[in-house]
Each structure stands twice: as C-alpha cells, then as structure tokens.
Amino acid sequence: GQSLEQPSEVTAVEGAIVQINCTYQTSGFYGLSWYQQHDGGAPTFLSYNALDGLEETGRFSSFLSRSDSYGYLLLQELQMKDSASYFCAVRFHSGNTPLVFGKGTRLSVIA
Amino acid sequence: NAGVTQTPKFQVLKTGQSMTLQCAQDMNHNSMYWYRQDPGMGLRLIYYSASEGTTDKGEVPNGYNVSRLNKREFSLRLESAAPSQTSVYFCASSGGLEYNEQFFGPGTRLTVL
Numbered sequence: 073g074q075s076l077e078q079p080s081e082v083t084a085v086e087g088a089i090v091q092i093n094c095t096y097q098t099s100g101f102y103g104l105s106w107y108q109q110h111d112g113g114a115p116t117f118l119s120y121n122a123l124d125g126l127e128e129t130g131r132f133s134s135f136l137s138r139s140d141s142y143g144y145l146l147l148q149e150l151q152m153k154d155s156a157s158y159f160c161a162v163r164f165h166s167g168n169t170p171l172v173f174g175k176g177t178r179l180s181v182i183a
Numbered sequence: 004n005a006g007v008t009q010t011p012k013f014q015v016l017k018t019g020q021s022m023t024l025q026c027a028q029d030m031n032h033n034s035m036y037w038y039r040q041d042p043g044m045g046l047r048l049i050y051y052s053a054s055e056g057t058t059d060k061g062e063v064p065n066g067y068n069v070s071r072l073n074k075r076e077f078s079l080r081l082e083s084a085a086p087s088q089t090s091v092y093f094c095a096s097s098g099g100l101e102y103n104e105q106f107f108g109p110g111t112r113l114t115v116l
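Protein chains in written order, with this note's numbering: chain S, 73 to 183; chain G, 4 to 116.
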C-alpha cells in the first residue's frame with residue numbers, strides 16, 4: 073500500500089523560515105509533489121521532484137531524498153498570505169498516473 | 004482559458020436522492036480525476052480517467068459512478084446519496100508537457116441530509 077506522513081499543523085512567525093516534512097511508504101515511486109490550498113480554495117501546484125536534491129522556485133524550495141523516502145517543502149521570508157494547508161503527494165506509477173496525497177499540514181503564519 | 008470548471012458550486016441533497024457533478028477542462032488534457040476532501044483526510048481519489056474512453060477506480064469509489072463523456076468532460080454521479088458522502092468534491096486534470104502538475108477546479112460543496 074501507499075502512505076504519506078506529514079505534520080498536521082505548523083506555526084511560524086512572519087519573515088521566518090519554515091520546513092514541512094513528508095515521509096512516504098509506497099510500492100513504487102516516480103516523484104514527489106507539493107500543493108498549496110487556502111481555506112475555501114482549490115489546491116494549486118507548487119513543485120515536483122523526481123530526482124534527489126533541491127528545487128528552488130522563488131521563496132519556496134522542495135527537497136527529495138529517494139534513499140530516505142523523505143522530502144520537505146521550505147518556505148522562506150514567510151508572509152501572512154502563506155497561511156494555508158500544504159499537501160505532499162506521490163506519483164507511484166510512471167507516466168500520467170494518479171497521485172496519492174498526504175493529509176496535509178496546516179501552516180499558520182503569525183505576526 | 005477557463006482551466007477546470009465544476010458545476011454546481013454548492014448542493015444540498017436528501018438521503019437517497021441522486022445527482023451528477025459536472026467537470027470540464029479546456030487545456031486538452033488526457034487525464035481527469037475526481038477527489039473528495041474531508042476535514043483531516045486530505046484528498047482521496049474516487050475515480051480517474053487516463054484518457055478518453057477509459058475510467059478506473061481510485062481509493063474510495065463505492066457509491067459513485069463516472070462518465071468520461073469526451074476529452075473535455077468528466078462527470079461524477081451519486082445514484083443514492085448518503086450522509087457519508089457529505090464532502091467537498093474536486094475535479095482535476097493533467098496532461099501534455101505539464102503532466103506532473105494537476106490543475107484543480109474550484110470544488111463542489113455537497114451536503115447530504
């Protein structure tokens with residue numbers, strides 16, 4: 073079977089850096105994605121890692137270690153608008169196939 | 004481009020009633036998905052369609068049916084709604100050069116009384 077673990081809640085101060093971890097256990101692995109969802113909104117894509125290492129997109133970075141079945145999302149220079157839920161998701165078959173989502177981490181950014 | 008659209012946005016049903024949730028995408032994507040989202044449960048896949056003419060069950064298919072009407076449209080039907088199906092339903096699509104990214108519709112908030 074497939075399972076993903078991520079913390080349920082994280083609180084951080086505006087301007088700080090926060091890391092949201094995701095560990096996975098799947099029968100196959102072809103990549104780790106991250107999605108952001110604001111309250112009442114739809115999930116939106118943030119990043120995708122197929123290979124080990126760090127991918128940077130502006131204030132957001134995502135890291136993957138396939139040998140450790142582990143990844144994280146790093147948010148820098150936190151802003152109040154970053155308060156949202158963040159989901160990791162694993163593609164466990166090659167090609168254009170479904171994702172398995174984690175239960176999400178609710179990030180609260182405080183002043 | 005509208006991206007992924009869903010109708011209706013909100014719906015209240017009584018137990019035993021039926022309804023169809025509509026989803027359409029204008030990005031020429033091959034794959035389309037239906038998810039449900041419940042508090043603390045993340046997104047769970049109900050059904051998906053890897054290409055026009057094919058559908059497959061996801062993690063939680065019981066009580067639902069789907070139709071891939073054409074490449075653009077993928078509908079989800081509840082034949083006899085139950086209170087356990089109260090949830091937010093999201094349709095998504097992916098394909099082409101962007102297949103690692105799923106594009107989500109705005110969601111349908113369904114309450115079954």
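For each residue, glycine too, the CB sits at the ideal point set by N, CA and C.
Proximal residues of chain G, C-beta to C-beta of S/F159 below 9 angstroms: G45 and L46
In three-state terms, what does DSSP make of S/Q148? coil
Count the CB pairs spanning the stretch 4-11 of chain G and the stretch 94-112 of chain S that are closer than 8 angstroms, and state whether there are at least three. no
Return the CA-CA distance between G/T114 and S/D124, expressed in angstroms with no decimal places. 42 angstroms
Going by alpha carbons, who is nearest to G/V69 out of G/R112, G/L48, G/S87 and G/P86? When only C-alpha atoms are compared, the closest one is G/L48.
Residue from S/V82, S/F101, S/L104 and S/V181 whose Cα sits closest to the Cα of S/H155: According to the sequence provided, residue 155 of chain S is Ser. The question's His does not apply to it. Of the candidates S/V82, S/F101, S/L104 and S/V181, the one whose C-alpha sits nearest the C-alpha of S/S155 is S/V181.
If you count every other CB in all the chains shown that lies within 10 Å of the CB of G/L79, and 16 or more means buried, which is it? That one is buried.
Candidates G/C94, G/Y102, G/V91 and G/A95: closest to S/H165 by CA position: G/Y102
Spatial neighbours of S/Y120 within its chain, please: CB distance less than 7 angstroms, with the 5 preceding and 5 following residues excluded, ordered by chain position. G103 and S105
Can you list, in chain order, the stretches of the beta strand (DSSP E) that have 3 or more residues and sit fully within the stretch 23-66 of chain G? 34-40 and 46-52
How long is the line joining the alpha carbons of S/V82 and S/L179, rounded to whole angstroms? 5 angstroms
Mind checking whether G/F93 and G/Y38 have CB atoms under 7 angstroms apart? yes
Helix, strand or coil at S/S157 [DSSP, three-state]: strand
Since S/P79 meets chain G, which of its residues come closer than 7 angstroms, beta carbon to beta carbon? Here the premise fails: no neighbours, minimum Cβ distance about 13 angstroms.
For G/S96 and G/S54, which I take to be in contact (beta-carbon distance under 8 angstroms), what is that distance rounded to the nearest angstrom? In fact, because the Cβ distance is near 12 angstroms, the residues do not count as touching under 8 angstroms.
Let me check understanding here. Comparing Cα to Cα, which of S/K153, S/G100 and S/L146 lies closest to S/I92? S/L146
Using beta carbons (cut-off 7 angstroms, strictly below), is G/S52 in contact with chain S? Answer no: the Cβ-Cβ gap between G/S52 and chain S never drops below 7 angstroms.
Cβ-based contacts, 7 angstroms cut-off: residues of the stretch 55-76 of chain G near chain S: G61
If you compare alpha carbons, which of G/G19, G/Q25, G/E62 and G/T57 is closest to G/G110? G/Q25
Note down the Cα distance separating G/E58 from S/E149, rounded to an integer number of angstroms. Inspection of the sequence shows that residue 58 of chain G is occupied by Thr rather than by Glu. Cα-Cα distance, rounded: 43 angstroms.
Min CB distance G/N4 to chain S below 7 angstroms: no
Find out if the Cβ-Cβ distance for the pair S/F177, S/P79 is shorter than 7 angstroms. Note that residue 177 of chain S is Thr in the sequence shown, not Phe. For the 7 angstroms CB-CB criterion, S/T177 and S/P79 form a contact.
Which residue wins for smallest C-alpha separation from S/A39, given the options S/A84, S/K175 and S/F117? Limits of chain S in this structure are 73 at one end and 183 at the other, which puts residue 39 of chain S out of reach.
Close-in-space but distant-in-sequence residues of the same chain around G/H32 (CB under 7 angstroms, 5 per side omitted): S96, S97, G98 and G99
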